[in-house]
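Chemist: Position 225 (the sequence shown) corresponds to 394 in this note's numbering; numbering is contiguous.
Beta carbons: idealized from backbone N, C-alpha and C, even for Gly.
On a predicted model such as this, the values are computed, not experimentally measured, just so you know.
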Amino acid sequence: MSTLEIKDLYVSVAGKEIIKGFNLTIKQGEVHALMGPNGTGKSTLSNAIMGHPKYEINSGQILIDGEDISNLSVEERSHKGVFLAFQYPVAIPGVTLANFLRVAVNAKMKALDPESKGMSLIDFRRKMKAKMDLLQMDYSFGGRYLNDGFSGGEKKRAEILQLAMLEPKFAILDETDSGLDIDAIRIVSEGVHSLASQELGVLVITHYQRMLNYIKPQFVHILFDGRIVETGGPELALKLEEHGYDWVRDEFDPTETQA
Ligand code: ADP
Ligand code: MG
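Have a look at this one:
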């Protein structure tokens with residue numbers, strides 16, 4: 170069983186320090202929710218973990234089973250078992266979803282085993298159909314160009330299909346629920362919940378309780394000003410739903426004078 174450990178991480182973007190001393194440990198099979206006001210660094214953290222070149226790690230470590238991956242490329246990190254579902258997935262006209270997935274699955278198999286010939290077309294199709302069933306996606310989706318003309322909800326489902334096909338150890342879902350209607354949130358969230366029960370470690374970033382009702386996090390963290398200021402169980406998300414973030418700001422905003 171693997172562990173993803175983020176230790177005292179500091180990250181800058183465009184010359185400004187956004188993540189300021191972030192600590193979190195996620196074991197495979199655990200679901201952690203990360204919540205917090207807009208602009209507090211949730212996407213910056215996700216991008217830094219995945220290795221986006223614009224996000225500069227100033228200090229700290231990102232460890233998988235004790236091995237620091239913070240100097241690896243995005244591709245190498247993905248082969249180590251980290252997956253990021255983007256808040257804004259990009260379109261790749263000319264490449265079908267099925268072809269994209271097949272290339273990605275085979276690349277990962279080759280990275281793990283240089284001798285691997287990849288998955289046979291029949292095995293690949295069988296697996297893709299099983300995962301599409303899980304996410305209640307129409308099979309015709311596989312023949313469409315990746316995210317090209319996909320609705321918001323279709324893009325998010327395609328992201329989760331990639332997640333299901335690549336079988337990473339850890340997944341970060343950055344506001345995967347934005348743009349989804351109620352039914353799609355349920356389907357996508359239940360899909361993620363079932364992957365978590367098969368030993369996927371999940372960091373789910375969301376503003377809404379709805380997704381958490383299905384994904385069922387064991388841990389809820391509040392990010393504020395680039396660090397975790399509070400950790401609790403599912404009740405913490407309910408408190409945020411009821412009271413918003415004002416109490417977090419009152420308690421933790423360094424620019425507020427303390428009474
Ligand atoms: P959140 O996801 O919590 O809403 P972000 O991580 O997107 O917050 O943003 C945190 C801060 O970092 C914001 O001030 C934002 O403007 C800045 N930021 C994030 N990404 C970039 C980027 N690619 N270029 C410039 N500034 C960025
Ligand atoms: Mg964001």
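Apart from the five residues on each side of it in sequence, which residues of its chain come closer than 8 Å, Cβ to Cβ, to Asp343?
Modeler: Residue 343 sits at position 174 when you count from the first residue of the sequence shown. Around Asp343: Lys211, Ser212, Ser215, Leu253, Ala254, Phe255, Gln256, Ile374.
Chemist: Would Leu409 pass as a contact of Ile391 if the rule is Cβ separation under 9 Å?
Modeler: Position 240 of the sequence shown, counted from the start, is the residue given in the question as residue 409. Position 222 of the sequence shown, counted from the start, is the residue given in the question as residue 391. It is a contact, given that the beta carbons lie within the stated cut-off.
Chemist: Taking all protein chains shown into account, decide if Glu199 is buried (16 or more other Cβ within 10 angstroms of its Cβ) or exposed.
Modeler: Sequence index remark: in the sequence shown, residue 199 carries index 30 (1-based). Buried is the call here.
Chemist: Using 8 Å as the cut-off, classify the Cβ of Ala254 as near or not near the heavy atoms of the ligand ADP, replying yes or no.
Modeler: The sequence position of residue 254 within the sequence shown is 85, counting from 1. Flag unset: Cβ of Ala254 not near the ligand ADP.
Chemist: Quick one: Cα of Met334 to Cα of Asp177, how far?
Modeler: Here residue 334 corresponds to residue number 165 of the sequence shown, with the count starting at 1. Here residue 177 corresponds to residue number 8 of the sequence shown, with the count starting at 1. Cα-Cα distance, rounded: 32 Å.
Chemist: Which residue marks the beginning of the alpha helix (DSSP H) containing Met219, and which one marks its end?
Modeler: Locating residue 219 in the sequence shown gives position 50, counting from the first residue. Residues 211-219.
Chemist: Taking the C-alpha atoms as reference points, what is the distance between Thr265 and Asp415?
Modeler: By 1-based counting over the sequence shown, the position of residue 265 is 96. By 1-based counting over the sequence shown, the position of residue 415 is 246. Each residue's Cα considered, the two are about 45 Å apart.
Chemist: Would you report the Cα separation of Ile341 and Arg294, rounded to the nearest angstrom?
Modeler: Numbered from its first residue, the sequence shown carries residue 341 at position 172. Numbered from its first residue, the sequence shown carries residue 294 at position 125. Approximately 26 Å, taken between the alpha carbons.
Chemist: Within 8 Å: the Cβ of Ser363 and any heavy atom of the ligand MG?
Modeler: Here residue 363 refers to the residue found at position 194 when the sequence shown is read from its first residue. Not so, every heavy atom of the ligand MG lies at least 8 Å from the Cβ.
Chemist: Would you give the residue range spanned by the alpha helix (DSSP H) that Met288 belongs to?
Modeler: In the sequence shown, the residue the question calls residue 288 occupies position 119. Run containing Met288: none; DSSP gives neither H nor E here.
Chemist: Given Gly402, which residues of its chain have a CB within under 6 Å of its CB, disregarding the five upstream and five downstream residues?
Modeler: Translated into the one-based positions of the sequence shown, residue 402 becomes position 233. Within the same chain, Gly402 has no close Cβ partners at all.
Chemist: I'd like the span of the beta strand (DSSP E) that includes Ala183, first residue to last.
Modeler: On the sequence shown, position 14 is the one that residue 183 refers to. Ala183 -> no beta strand (DSSP E), and no H or E assigned at all.
Chemist: Quick check on the burial criterion: 16 or more other C-beta atoms within 10 angstroms. Buried or exposed for Lys286?
Modeler: For the purposes of this step, residue 286 is identified with residue 117 of the sequence shown, where counting begins at 1. Its Cβ having fewer than 16 others within 10 Å, Lys286 is exposed.
Chemist: Using DSSP with H/G/I as helix, E/B as strand and the rest coil, what is Tyr224?
Modeler: The count along the sequence shown starts at 1 and reaches residue 224 at position 55. Correct three-state label for Tyr224: strand.
Chemist: Give a single yes or no on whether Glu328 has its beta carbon closer than 8 Å to a heavy atom of the ligand MG.
Modeler: Working through the sequence shown from its first residue, we reach residue 328 at position 159. Every heavy atom of the ligand MG is 8 Å or more from the Cβ of Glu328, so no.
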